[in-house]
Amino acid sequence: MPTPLPIYRIEVTSKLAVRARSVLAQLPVIGLTKKPTLQIVDIYFLEGALSPDDLQKIIPVLSDPVTDHVQWKSKATGSFLLTPTSPPSPLSPSGEGELPSPTGRGAGGEGVIEVAYRPGVTDNVANELLHAAHRIGISTLQSTATGIRYEFSGDLTETDLHTIARSLLVNDTIQRYTLGEIAPEFIHSSADIHPPAQIDLTARDDASLIALSAERRLALDLNEMRAVQAYFAAQNRPATDAELETIAQTWSEHCVHKTFKARIQISRFTHHEAHEDVTSETLDSLIKTYLQSATNQINAPWVRSAFVDNAGVIEFDEDFDLSFKVETHNHPSAIEPFGGANTGVGGVVRDVLGVSHRPIAVTDVLCFGPADLARDALPEGVLHPARIRAGVVAGVEDYGNKLGLPTVNGAVLYHPGYTANPLVFCGCVGLGPRDRRPTTPQAGDRIIVIGGRTGRDGLRGATFSSLTMDAQTGQVAGASVQIGDPITEKGTIEVVERARDAGLYHAITDCGAGGLSSAVGEMGEHLGAFVDLAKVPLKYAGLEPWEIWLSEAQERMVLAVAPEHAPALKAICETYWVELSDIGEFGVEGGKLKVVHGEMPVVDLDMGFLHACPRLELRAEIPQSQISNQKSAISNGQWSMSNDQLLIALLSHPNIASKENIIRLYDHEVRGMSVVKPLAGVCADAPSDAAVMKPLETQGWKGFVLANGVNPLIGEVNSYAMAISVVDEAIRNAVAVGADPDRIAILDNFCWGSPRRPETLGSLVEAARGCHDAALHYGTPFISGKDSLNNEYLGSDGQRHAIPGTLLISSIGIHPDVRHAVTMDLKAAGNAVYLVGDFQPFWEGSHAGLVGGVGNQELGIRNQLPEWAPKVYRALHKAIHSGLVRAAHDLSEGGLAVAAAEMCIGGRLGLSLDISTFNLSPEMVLFGETNGCLLVEVAPEKVKDFETQFDGLPVVALGQVTETPSVAFQENGNSLLSVPLAEVVSAFHSGK
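In this text, residue positions in the sequence shown follow my numbering: the first is 222, and each later residue adds one.
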C-alpha cells in the first residue's frame, strides 16, 4: 500500500465582508431572529510532498496581501504555521463596528460550519489551483480540494447551525458539511476497469421491461423497451449496460423530441363536460405541421439555417451571419440551482460553437415560485424558491461574466406552478463568417475531443430531463448535475475559431446531453464510428466504460478532422492550454457504432436501429375553453382597490417590478457592443423593451436586436391566444427599439407538463398552432426551437403538479442603423404621446385580474391575430428611422397604465393622458392587456409628419409629457388616476 502523502490546509480570510452580509441577511428568512456575527474563510487542501518554499510560492496565487489574512497547517502537526497579515474582524448583522473574534474555533467546533464538495463533483477552483501550481514549478502537488468555513459568534445553538447549513449554505446533492473542521476527500479510485454488465432481455415480460427502465432511469416506455428487446433477440445476444444507456439517451425526449414528432389524434369538444359535438383530426408531427411549415411557407432568403444545425442562422450582412439558440436547463436547476443554470449557459454557448460561430451575447429568462412562499407550504424535497433564484442568478452571472459574454436580454417571472419546477431558459447569439459552417464528417476523419475532461458529473442528464420529479429526485439524480468551467470553455472558443478559419475540421458538435454518445452517435449516423474509450482523458480513475461514454461533463467539443490536419489542430490547442484527444475514427464498415475500452467491447449497435426511435401515437383533447373566441368587455363590478392603488400594486408585483438587483450582477457592457442596454433612462433603472447590439467585427452601423415574449397567465386560459400574444410581444419589443419587422426571426421554447395526458397535450397542440398562425401573419420565420416536457412534481399526496404551460418566444432582428435606436424613457416635457395599434384589451389572464380582483365583472380573452399589427410595425419602423420618434414602449403586463408609468420612471417626467376616445370601461382601458400596441413619444414639430406616416392606421393622440412629476389619466374631464412619480418609482423598486 503506498505511503500517504502529506496534506496541507490553507485558510484565507478576506477583510471584505460581502459574502457574510449576504448570509446574515437571509437568517430572518429561515426563521432565525438571533443576530450573530459572521466571518467567512476560504479553505484550500493540498496533497503532496510540499516544502515550505512551495507553500510560500502558492500563497500569492490564493490571496491578496492587502485584503487577505492567510494561515496554513499540515495534517501531521495540526498547528497553524503562518500568519502573514492581521486577521479581519467578523461582520455583524449591520455590517458595522469592530467586533470580538468568533467563538467557534474550539476543538468542538462551536459556531463553526465547514462546507466542501462531495467526491466526484467538479471543483473548478481546485482544478485551477493544481494547474497554476504546476505552471509555477510545484510538480509535487498531486491533488487539491476546496471548502468554505463559516465562523459564527453569538448564542446560536447546534440546532441553529444545522438549520443554517441545510437551509442556506449547503445543497446536499453536491455538497457535504460538518460542524467544526471538515476532512478533505480526494478521489483515489482504482484504475481497474470492469467489463460492461451483460443484461439479458430475452425472457423479460412487460412488467420486467418497465421495471428495468425505471431501475436504470432509461425513461423508455413499454413499446420502446419491446423494440430494444426485439433488436437484441435478433442479434441473439444480451445487451451491455452501455448499449442500453446509449439507446435511452438517443431516444430520450430531450434528444429526439418524440412528442413533437408524434402522430397525434386530436379531439375537439364544443361542450367538454358532456363530450358533445366532437370533431376529430390526425396531426402528423407538431414540428413539421406547424413550426417548420411556417418557416417553409415564409421562405425568407436571409434565413441560412433553420431546424437543422445546433443553432438557427440568419444573414447579418455581406460578410457575416448571426446564429441564435435558446436552451432550457430546468430539472438540473431544480436540484442544484447554481450548477444547473451555470451549465445551461455553458451548454447553449457550445450550441453556437457547434455552428462554428463565436459566441457574442447571452440571454436568460427565469421562472420561479413565489420568493415569499411560506416554508410550511414548501413541497417535500424541494428547495425554497428564494434559494433557487439566488443559485440560478449566481450561476448565470458566474458563467457569462467569466466567459466575457454580455447578458443583455431576459425576463424573470414568478408563479406558484414553478415552485418545484423552475424554468431556466439560456440563450446565446453567435457571429461567424458568412456560410463558413462545416457540418459533414468524412470517412477516415479522426474523432477529436477538445476541452474539459470526463468525470461522473452529468450522467443520464438526457433521460433525467424526461422524468417527473419527486421528493427523492435530488438524492437519486444528483449525478445528472454538472458544475461548469467557463475558463476551460473560454480556451475552447478560441481554439474553435482559429481551427475554423484554418479549415481544419469537416464537422463539429458539442458534448451535450448524452456526452460522447450523443455527439459521436449523431455525427456518425450515416458513416458509422469507432471509439476507444481508453483514450478519453478522465478527471479521475475508476469510471466504468458506460460512464465515460455517457458522461455529460462540460466544456467538450467533438470535431471530425482529416488525419493530415490533426497536428495543426493540436498546435492551436497547446497555445490556449486546451486538451486534445484523438479517440477514434468516422467510417465503419456496415455503418455501425463500435465502442471499445482497449481490447474490451463496449457498444456494437447498428446506426439504423439507433436512430429509428419508435414513433409515438398520442391523444390530445381540446376543450371549449381552448377554442372559444370570447369578446366580452369588462362591466361594472366591485373593485378591491382604487385605480391609484391598483397601479401601485401592479408596479410592485414581482413580475412587473424592477429586476435591477439581478440585471446589475450581469456584465452587459463586456465586448463593447451595447447600444440599447437592459436598463434605460436618466437613472438607468427603467426596463428596456429589447437590447440593441453593434458587433465590433462588422463594418458600418448595422446592428442586431434581441427581445422576447412570455406570458403563462394567458396560457392558463387559452394556449392558442398565449402563442399569438407572445409571438407578437417578441416582435413588438424588437420593433420598439428600431428593428426591421421584415428582418426578424424567432425561436420557440415550449415547457409543459406530461404530454401523455390528453388535455395537457391538447393545450400544447393549440400553442403550436398559434405559433404557426402568428408566424405566417407577421411573415416571421422560426429558425430554431426546443421543448422541455414532463415538468411536473409528484407530491406526497400522490398528485402530479405540473407547471403552467409556458411558451417563450425569443426574437433576433436586424437593426439597419443603430444610430437611430430608440429607448423607452420619456425625453422632454411638451412632447406628444400617441397610442399606436388596434387597442383591443382583454382582462382574463391579465396581471390586473390577478392583482386587483375582478368582482362580478365579465371576463374575456381574444384569440384572434392582431389584424393591424404588421402594418403598424412597419409604419413605426419607418417613423423611427425617419427621426420622428423620441421614445417608444410596448403595452404588455399591466396594460396602458403600467406602460405609461414605466416611461415616466425612465425619463423622471410626468404624463397627462386622456382616454375619452375609447368606448370601454376606464378599468379596462387602464389595466386591460392587449396585443399589437405601443406608446410613442413625438416632438411637437414632428407631429404632422408622424400622423401622416400613420394615415389609415389605428393611432390615438392621448396627451403629452409634463414637468409635473405624476402619472395622470383623465376621461371627459374627470380624473381617473393620479399618482405622484415618487410613489411610482418607489413601488417599482419595492418588488421582491
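We put the beta carbon where it would ideally sit given N, CA and C, even for glycine.
**OP:** Compute the distance between the beta-carbons of residue 448 and residue 361, then report whether it is under 9 Å.
**Re:** By one-based count along the sequence shown, residue 448 stands at place 227. By one-based count along the sequence shown, residue 361 stands at place 140. Contact: no.
Subject >> Range covered by the alpha helix (DSSP H) that runs through residue 1118 >> reply: The count along the sequence shown starts at 1 and reaches residue 1118 at position 897. For residue 1118, the enclosing alpha helix (DSSP H) covers residues 1116 to 1128.
Original post:
Can you list, in chain order, the residues of its chain whose CB lies under 7 Å from that of residue 342, leaving out five sequence neighbours each side?
Top reply: Within the sequence shown, residue 342 is the residue found at index 121, counting from 1. Annotation for residue 342: 395, 678 and 704 place their beta carbon closer than 7 Å to its own, counting only its chain and skipping 5 residues before and after.
Subject >> C-beta atoms of residue 1091 and residue 916 nearer than 9 Å >> reply: The residue you call residue 1091 lines up with position 870 of the sequence shown. The residue you call residue 916 lines up with position 695 of the sequence shown. No. Outside cutoff.
Subject >> Through-space distance from residue 1198 to residue 1142, alpha-carbon basis >> reply: In the sequence shown, residue 1142 corresponds to position 921, counting from 1. In the sequence shown, residue 1198 corresponds to position 977, counting from 1. Cα to Cα, residue 1142 sits roughly 14 Å from residue 1198.
Subject >> Which residues DSSP lists as bridging residue 1247, in chain order >> reply: This structure leaves residue 1247 out entirely; the chain is present only between 222 and 1213.
Subject >> Buried versus exposed call for residue 862 [16 or more other C-beta atoms within 10 Å across all chains shown] >> reply: Here residue 862 corresponds to residue number 641 of the sequence shown, with the count starting at 1. Its Cβ having fewer than 16 others within 10 Å, residue 862 is exposed.
**OP:** In the DSSP assignment, find the unbroken beta strand (DSSP E) run with residue 582 in it and report its ends.
**Re:** Walking along the sequence shown from the start, residue 582 turns up at place 361. Under the DSSP assignment, residue 582 falls in the beta strand (DSSP E) whose first and last residues are 579 to 589.
Subject >> Secondary structure of residue 652, DSSP reduced to three states >> reply: What you label residue 652 is simply residue 431 of the sequence shown in a count that begins at 1. Looking at residue 652 - three-state DSSP - the assignment turns out to be strand.
**OP:** Would you check if the distance between the CB atom of residue 258 and the CB atom of residue 374 is smaller than 9 Å?
**Re:** Against the sequence shown, residue 258 aligns to sequence position 37. Against the sequence shown, residue 374 aligns to sequence position 153. Yes; because the gap between Cβ atoms is below 9 Å, this pair is in contact.
**OP:** Work out the CA separation of residue 786 and residue 659 for me, nearest whole Å.
**Re:** As a first step, residue 659 is located in the sequence shown; it is residue number 438 there, counting from the start. As a first step, residue 786 is located in the sequence shown; it is residue number 565 there, counting from the start. Their backbone Cα atoms lie some 15 Å apart in a straight line.
Subject >> Alpha-carbon spacing of residue 1086 relative to residue 1004, whole angstroms >> reply: If you number the sequence shown from 1, residue 1086 lands on position 865. If you number the sequence shown from 1, residue 1004 lands on position 783. When only Cα atoms are considered, residue 1086 and residue 1004 end up about 21 Å apart.
Original post:
Nearest to residue 1221 by CA position, among 266, 455, 480 and 233, is which residue?
Top reply: Outside the displayed range of the chain (222 to 1213) lies residue 1221, so it cannot be described from this structure.
Subject >> Status (buried if at least 16 other CB within 10 Å, exposed otherwise) for residue 833 >> reply: Reading the sequence shown from its first residue, position 612 is the one you call residue 833. By the C-beta density criterion, residue 833 is exposed, having fewer than 16 other C-beta atoms within 10 angstroms.
**OP:** Give the range of the beta strand (DSSP E) segment to which residue 237 is assigned.
**Re:** For the purposes of this step, residue 237 is identified with residue 16 of the sequence shown, where counting begins at 1. Secondary structure note for residue 237: it is in no beta strand (DSSP E), with a DSSP letter that is neither H nor E.
Original post:
In the structure shown, what three-state DSSP assignment does residue 1048 receive?
Top reply: For the purposes of this step, residue 1048 is taken as the residue at position 827 of the sequence shown. Look at residue 1048 here: in three-state DSSP terms it is coil, with no helix or strand label.
Original post:
Relative to the alpha-carbon of residue 914, which residue among 899, 906, 903 and 905 has its alpha-carbon at the smallest distance?
Top reply: Counting from one through the sequence shown, the residue named residue 914 turns up at place 693. Relative to the Cα of residue 914, the nearest Cα in the group 899, 906, 903 and 905 belongs to 899.
Original post:
What number of angstroms, rounded off, separates the C-alpha of residue 238 from the C-alpha of residue 289?
Top reply: Taking the first residue of the sequence shown as position 1, residue 238 is located at position 17. Taking the first residue of the sequence shown as position 1, residue 289 is located at position 68. Rounded to whole angstroms, residue 238 and residue 289 show a C-alpha spacing of 11 Å.
Original post:
When we look at the beta-carbon of residue 815 and count the other beta-carbons within 10 Å, is it buried (16 or more) or exposed?
Top reply: The count along the sequence shown starts at 1 and reaches residue 815 at position 594. With 16 or more other Cβ atoms within 10 Å, it is buried.
Original post:
Looking at the structure shown, is residue 794 part of a helix, part of a strand, or coil, going by DSSP?
Top reply: Along the sequence shown, one-based indexing puts residue 794 at 573. Three-state DSSP puts residue 794 in a helix.
**OP:** Would you tell me roughly how many angstroms separate the C-alpha atoms of residue 482 and residue 979, rounded to the nearest one?
**Re:** Locating residue 482 in the sequence shown gives position 261, counting from the first residue. Locating residue 979 in the sequence shown gives position 758, counting from the first residue. Rounded to whole angstroms, the gap between the alpha carbons of residue 482 and residue 979 is 16 Å.
Subject >> Range of the contiguous alpha helix (DSSP H) that encloses residue 1146 >> reply: Counted from its first residue, the sequence shown places residue 1146 at position 925. Note, residue 1146: alpha helix (DSSP H), 1143 to 1148.
**OP:** Round the Cβ separation of residue 878 and residue 526 to the nearest angstrom and send it over; I've been treating them as touching at under 8 Å.
**Re:** Here the question's residue 878 lines up with position 657 in the sequence shown. Here the question's residue 526 lines up with position 305 in the sequence shown. Contact annotation, residue 878 with residue 526: C-beta distance approximately 39 Å; criterion of less than 8 Å not satisfied.
Subject >> For residue 1169, the first and last residue of its enclosing beta strand (DSSP E) >> reply: Working through the sequence shown from its first residue, we reach residue 1169 at position 948. Note, residue 1169: premise wrong, no beta strand (DSSP E); alpha helix (DSSP H) at 1164 to 1170.
Subject >> Check whether residue 945 and residue 965 have beta carbons under 9 Å apart >> reply: The sequence position of residue 945 within the sequence shown is 724, counting from 1. The sequence position of residue 965 within the sequence shown is 744, counting from 1. Contact flag unset, no.
**OP:** Please classify residue 417: does DSSP put it in a helix, a strand, or coil?
**Re:** Reading the sequence shown from its first residue, position 196 is the one you call residue 417. Three-state result, residue 417: coil.
Original post:
When the Cα atoms are used, what is the spatial distance from residue 455 to residue 477?
Top reply: Stepping through the sequence shown from its first residue, residue 455 is reached at position 234. Stepping through the sequence shown from its first residue, residue 477 is reached at position 256. One C-alpha to the other measures close to 24 Å.
Subject >> Counterpart residues of residue 533 in DSSP-defined beta bridges >> reply: Stepping through the sequence shown from its first residue, residue 533 is reached at position 312. In the DSSP assignment, residue 533 is bridged to 545.
**OP:** Would you check if the distance between the CB atom of residue 1108 and the CB atom of residue 1043 is smaller than 9 Å?
**Re:** Start at 1 with the first residue of the sequence shown, and residue 1108 comes out as number 887. Start at 1 with the first residue of the sequence shown, and residue 1043 comes out as number 822. Against a cut-off of 9 Å, the Cβ pair of residue 1043 and residue 1108 comes out as a contact.
**OP:** Rank 931, 1046 and 419 by C-alpha distance to the C-alpha of residue 1132 and give the top, closest one.
**Re:** Position 911 of the sequence shown, counted from the start, is the residue given in the question as residue 1132. Considering only 931, 1046 and 419, the residue with the shortest C-alpha distance to residue 1132 is 1046.
Original post:
Since residue 264 contacts residue 230 with CB under 8 Å, what's their CB separation in whole angstroms?
Top reply: In the sequence shown, counting from the first residue as 1, residue 264 sits at position 43. In the sequence shown, counting from the first residue as 1, residue 230 sits at position 9. Contact flag correct, Cβ pair sits at about 6 Å.
Original post:
For residue 461 versus residue 420, is the C-beta distance shorter than 9 Å?
Top reply: Here residue 461 refers to the residue found at position 240 of the sequence shown. Here residue 420 refers to the residue found at position 199 of the sequence shown. Their beta carbons are under 9 Å apart, which means residue 461 touches residue 420 by this criterion.
**OP:** With a floor of 3 residues, list each beta strand (DSSP E) that falls wholly inside the stretch 994 to 1064, ordered by position along the chain.
**Re:** Counting only runs of 3 or more residues that sit fully inside the stretch 994 to 1064, the beta strand (DSSP E) segments are 1003 to 1009, 1013 to 1015, 1021 to 1023, 1027 to 1036 and 1053 to 1057, in chain order.
Subject >> Residue burial classification, residue 795 (beta-carbon count within 10 angstroms, cutoff 16) >> reply: Mapped onto the sequence shown, residue 795 falls at position 574. Residue 795 is exposed by the Cβ-count criterion.
Subject >> Nearest-angstrom Cα separation, counted from residue 569 out to residue 940 >> reply: In the sequence shown, residue 940 corresponds to position 719, counting from 1. In the sequence shown, residue 569 corresponds to position 348, counting from 1. Within the model, the alpha-carbon separation for residue 940 versus residue 569 is close to 27 Å.
Original post:
Is residue 378 helix, strand or coil by DSSP?
Top reply: If you number the sequence shown from 1, residue 378 lands on position 157. Three-state result, residue 378: coil.
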